[in-house]
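**Q**
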Amino acid sequence: MISFDVGGTLVDHNFTELVWNNGIPKLYAEKTGINLEDARVRIAAEYEAVGREDLRWYTLQYWFDLFDLDGSPREMFELFRSEIRIYPEVPSVLEILERQYDLTVISGHPKDMMLFEIAKLQHHFKYFFSSVTDFNKVRKTSDMYAQICVSLGIEPRQVLHIGDDKDNDFKAPREAGMQAVYLDRSGRGREDLTLTNLEELLELLSLMRDP
Ligand SMILES: [Mg+2]
Numbered sequence: 000m001i002s003f004d005v006g007g008t009l010v011d012h013n014f015t016e017l018v019w020n021n022g023i024p025k026l027y028a029e030k031t032g033i034n035l036e037d038a039r040v041r042i043a044a045e046y047e048a049v050g051r052e053d054l055r056w057y058t059l060q061y062w063f064d065l066f067d068l069d070g071s072p073r074e075m076f077e078l079f080r081s082e083i084r085i086y087p088e089v090p091s092v093l094e095i096l097e098r099q100y101d102l103t104v105i106s107g108h109p110k111d112m113m114l115f116e117i118a119k120l121q122h123h124f125k126y127f128f129s130s131v132t133d134f135n136k137v138r139k140t141s142d143m144y145a146q147i148c149v150s151l152g153i154e155p156r157q158v159l160h161i162g163d164d165k166d167n168d169f170k171a172p173r174e175a176g177m178q179a180v181y182l183d184r185s186g187r188g189r190e191d192l193t194l195t196n197l198e199e200l201l202e203l204l205s206l207m208r209d210p
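Per numbering that gives the first Met the number 0, numbering through the sequence shown is continuous, rising by one, with the last residue being 210.
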């Protein structure tokens, strides 16, 4: 089995940044009558006050309720649908990999957002996990990875995870006994087990099969 992170791995951060830094401030500006720039500053301070260590930070509905915004997260996703940017090599790489492996998604994004982001890729995957929605965790921990393996009835060492966050996508899955590779799309990191795109994953897997 191969599992993938989503943001920065399958799709870039354009969509999520637009939702948080454009969509929410715009609705807030409409609601309160203040201008968009002031709304941005105000909202950024509110995000900061809750902070990334708090599950509410990740929950779009929480912010809709808090600011009493019109509409719904789903409507906001639709607004920015055309802004979802899948990395160019991803569809063809998934098509090749799915012939030989079960593919899974393990993301730190809330599930509704994550499923929306990968809607065009969804048919390649068998399972979908969100640390926030399925495990009430603000980060992907080794415990969470271990639990996922148990729930799928698979040995950790039979799973290879790939993602662009050193702690969440590389250290944590390895601590759980899984295999992992780190994706650094900037191409700056040149340590072992660091790839710069998913095309290179195909090469790595063929090397692992026929060393
Ligand atoms: Mg990521």
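Every residue gets a Cβ at the ideal spot worked out from N, C-alpha and C, and that includes glycine.
Nothing here was measured: the structure is a model prediction, and the numbers come from that model.
For Leu96, which residues from the same chain have a beta carbon less than 7 Å from its beta carbon, with the 5 sequence-adjacent residues on both sides left out?
**A** The count along the sequence shown starts at 1 and reaches residue 96 at position 97. Within the same chain, Leu96 has close Cβ partners Ile1 and Leu102.
**Q** Quick check on the burial criterion: 16 or more other C-beta atoms within 10 angstroms. Buried or exposed for Ala38?
**A** Counted from its first residue, the sequence shown places residue 38 at position 39. With 16 or more Cβ atoms within 10 Å of its Cβ, Ala38 is classed as buried.
**Q** Which one of Lys119, Asn167 and Arg189 has the shortest CA to CA distance from Ser129?
**A** On the sequence shown, residue 129 is found 130 positions in, with the first residue counted as 1. Of the listed residues, the one whose Cα sits closest to Ser129 is Asn167.
**Q** May I ask which residues mark the beginning and end of the alpha helix (DSSP H) holding Val5?
**A** Translated into positions along the sequence shown, residue 5 becomes position 6. Segment: none, Val5 is in no alpha helix (DSSP H) and carries neither H nor E.
**Q** Of the residues Arg80, Gly22 and Leu182, which one's Cα is nearest the Cα of Phe63?
**A** What you label residue 63 is simply residue 64 of the sequence shown in a count that begins at 1. That would be Gly22, whose Cα lies nearest to the Cα of Phe63.
**Q** Assuming Ile161 is part of the beta strand (DSSP E), what are its boundary residues?
**A** In the sequence shown, residue 161 corresponds to position 162, counting from 1. Note, Ile161: beta strand (DSSP E), Leu159 to Gly162.
**Q** In the DSSP assignment, find the beta strand (DSSP E) that holds Thr103 and state where it starts and stops.
**A** As a first step, residue 103 is located in the sequence shown; it is residue number 104 there, counting from the start. Per DSSP, Thr103 belongs to the beta strand (DSSP E) from Leu102 to Ser106.
**Q** Once you ignore the five residues that flank Phe134 on each side, which residues in its own chain have a CB closer than 6 Å to its CB?
**A** Here the question's residue 134 lines up with position 135 in the sequence shown. Met143.
**Q** Go to Gln178, then tell me how far its beta strand (DSSP E) extends in each direction, as first and last residue.
**A** Walking along the sequence shown from the start, residue 178 turns up at place 179. Unbroken beta strand (DSSP E) run through Gln178: Gln178 to Leu182.
**Q** If you draw a straight line from the alpha carbon of Leu120 to that of Phe3, how long is it in whole angstroms?
**A** Locating residue 120 in the sequence shown gives position 121, where the first residue counts as 1. Locating residue 3 in the sequence shown gives position 4, where the first residue counts as 1. For Leu120 and Phe3, the distance between alpha carbons rounds to 12 Å.
**Q** May I ask you to list the residues that DSSP assigns as paired with Thr193?
**A** Here residue 193 refers to the residue found at position 194 of the sequence shown. Answer is Tyr181.
**Q** Drop a sphere of 10 angstroms on the beta-carbon of Leu35, count the other beta-carbons inside from all chains shown, and report buried for 16 or more, exposed for fewer.
**A** As a working mapping, residue 35 is identified with position 36 in the sequence shown. By the 10 Å Cβ count, Leu35 comes out exposed.
**Q** Do Val5 and Val137 come within 8 Å of each other at the CB atom, strictly closer than that value?
**A** Walking along the sequence shown from the start, residue 137 turns up at place 138. Walking along the sequence shown from the start, residue 5 turns up at place 6. It is not a contact, given that the beta carbons lie outside the stated cut-off.
**Q** Pairing CB atoms from the segment 190–203 with CB atoms from the segment 163–182, are three or more of them under 8 Å?
**A** Yes, they touch.
**Q** So, at 7 Å on beta carbons, what are the nonlocal neighbours of Thr58 in its own chain, with the 5 sequence-adjacent residues on each side left out?
**A** Within the sequence shown, residue 58 is the residue found at index 59, counting from 1. Correct list, in chain order: Pro109.
**Q** As a quick exercise: from Gln146, Trp19, Asp209 and Asp69, pick the residue whose alpha carbon is nearest that of Phe79.
**A** For this step, residue 79 is matched to residue 80 along the sequence shown. Residue Trp19 is the option with its Cα nearest to Phe79.
**Q** Under a three-way DSSP split, which group does Tyr144 fall into?
**A** Taking the sequence shown and counting its residues from 1, one reaches residue 144 at position 145. Of the three classes helix, strand and coil, the one that applies to Tyr144 here is helix, per DSSP.
**Q** Tell me which same chain residues have a C-beta within less than 7 Å of the C-beta of Leu54, skipping the five on either side of it?
**A** Here residue 54 corresponds to residue number 55 of the sequence shown, with the count starting at 1. Taken in chain order, the residues that qualify are Val131, Asn135 and Val137.
**Q** Would you decide whether Thr8 is buried or exposed? Buried here means 16 or more other CB atoms lie within 10 Å of its CB.
**A** Mapped onto the sequence shown, residue 8 falls at position 9. The residue in question, Thr8, is buried, as its Cβ has 16 or more Cβ neighbours within 10 Å.
**Q** By the three-class DSSP mapping on this structure, what secondary structure does Phe124 have?
**A** Numbered from its first residue, the sequence shown carries residue 124 at position 125. The answer is coil: DSSP assigns Phe124 none of H, G, I, E or B.
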